[in-house]
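2 protein chains.
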Amino acid sequence: MSDSEHDWLRPEEEHETETVIDVGTAQSNPEVADAVAKIAALRQSIDNVDTAIVSLLAERFKYTSQVGVLKAREGFAPADYKREDYQIERLHRIAVDAGLDPDIAEMYREFVVTEAKRRHKRIAENGVDPGALDVFA
Amino acid sequence: MSDSEHDWLRPEEEHETETVIDVGTAQSNPEVADAVAKIAALRQSIDNVDTAIVSLLAERFKYTSQVGVLKAREGFAPADYKREDYQIERLHRIAVDAGLDPDIAEMYREFVVTEAKRRHKRIAENGVDPGALDVFA
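Protein chains in written order, with full-length UniProt numbering: chain D, 1 to 137; chain B, 1 to 137.
Written as structure tokens, this is what we have:
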């Protein structure tokens with residue numbers, strides 16, 4: 001597949017050099033075949049992790065939507081900073097336990113909150129009650 | 001905990017109204033006790049999902065670091081757009097299967113790549129071989 005076919009996928013990166021690492025790379029360069037095989041195995045593990053995370057994100061958004069519906073129904077405000085502080089401190093703690101940089105856990109939290117806000121806005125623009133999706137949960 | 005203690009945690013959101021939803025809310029307002037209990041149960045599920053995702057992110061960054069080390073050792077470029085295209089298409093497909101908006105899966109991919117880039121830069125600034133952390137894996 002030529003670079004030009006997929007430029008829209010990576011506008012910021014199109015001028016970077018690349019090394020395609022696949023079966024062909026190993027066949028053309030037998031001296032790197034061992035490293036190529038190790039990278040292929042690691043990539044399969046990365047893909048398995050991504051499958052699990054995408055499945056969990058699907059469940060997470062189902063839960064936060066339910067929270068949003070309940071809050072809208074009862075007239076609760078979207079924001080609950082006590083809950084947010086609890087989540088920030090909790091994610092920091094479990095990141096340290098898992099051997100993950102706590103900054104990455106905080107970025108993850110911001111990612112899911114930002115996405116909820118974006119969906120919230122889109123629903124508001126389409127005339128649906130924005131309370132149905134919850135920013136903070 | 002007063003709002004002022006934690007203003008640094010949420011500079012953009014400090015002026016929003018909030019509804020703290022906890023045991024106290026239910027005791028003060030018995031008519032919403034049922035909704036408060038449902039939200040508490042959903043929040044526990046959300047927290048369980050977050051624990052699983054943080055654990056998986058910890059494993060993911062271990063794998064991508066290993067890929068980065070292998071690439072640096074063999075003199076491979078960090079970028080591999082064939083791999084990136086594969087990941088984009090694969091995440092789109094599994095998101096649809098999982099009932100997740102594919103845009104969220106793409107945001108997740110951008111989040112992990114952006115974080116890898118940030119770590120890459122930080123290591124470069126500290127004089128360590130930036131190839132040790134891999135942007136694309």
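Ideal Cβ placement from N, Cα and C applies to all residues, glycine included.
Under the three-state DSSP convention, the category residue i falls into
| i | result |
| --- | --- |
| D/A37 | helix |
| B/A95 | helix |
| B/S72 | First, the residue type needs correcting, since residue 72 of chain B is Ala and not Ser in the sequence shown. Three-state DSSP puts B/A72 in a helix. |
| D/D50 | helix |
| D/L100 | coil |
| B/R10 | Here the model assigns B/R10 a pLDDT of 49, short of 50, so the residue's position is not dependable and the matter cannot be decided. |
| B/I88 | helix |
Identity of the residues DSSP links to residue i by a beta bridge
| i | result |
| --- | --- |
| D/A79 | B/E18 |
Spatial neighbours of residue i in its chain, beta-carbon cut-off 7 Å, leaving aside the 5 residues before and after
| i | result |
| --- | --- |
| B/A33 | A26 |
Cβ shell of residue i (< 8 Å), same chain only, five flanking positions each side left out
| i | result |
| --- | --- |
| B/H92 | P102, A105, E106 |
| D/V96 | P102 |
| B/R109 | Q87, I88, L91 |
| D/F30 | Sequence inspection shows Pro at residue 30 of chain D; the Phe mentioned does not correspond to that position. If we look at D/P30 and ignore the five residues flanking it on each side, it has no Cβ neighbours. |
| residue 151 of chain B | The structure shown has nothing for residue 151 of chain B, since chain B only spans 1 to 137. |
| D/A37 | A26 |
Nonlocal neighbours in the same chain, by C-beta distance under 6 Å from residue i, ignoring five residues either side
| i | result |
| --- | --- |
| D/V20 | none |
| B/S28 | none |
Cβ of residue i within 9 Å of any chain A Cβ
| i | result |
| --- | --- |
| B/V23 | The structure shown has no chain A; the protein chains it does contain are D and B. |
Legend entry - Near-chain B residues of the segment 28–61 of chain D - C-beta to any C-beta below 8 Å: Taking 8 Å as the Cβ-Cβ cut-off against chain B, the residues of the segment 28–61 of chain D that qualify are V32, A35, K38, I39, L42, R43, S45, I46, D47, V49, D50, T51, A52, I53, V54, S55, L56, L57, A58, E59, R60, F61.
Inset, instruction - Please name the residues in the segment 67–88 of chain B whose beta-carbon is closer than 8 Å to at least one beta-carbon of chain D, in chain order. - result: Only V67, L70, K71, R73, E74, F76, A77, P78, A79, D80, Y81, K82, R83, E84, D85, Q87, I88 from the segment 67–88 of chain B bring a Cβ to less than 8 Å from some Cβ of chain D.
Inset, instruction - Return the residues of the segment 100–114 of chain B that lie within a Cβ-Cβ distance of less than 7 Å from chain D, sorted by chain order. - result: Cβ contacts with chain D: L100, I104, A105, M107, Y108, F111.
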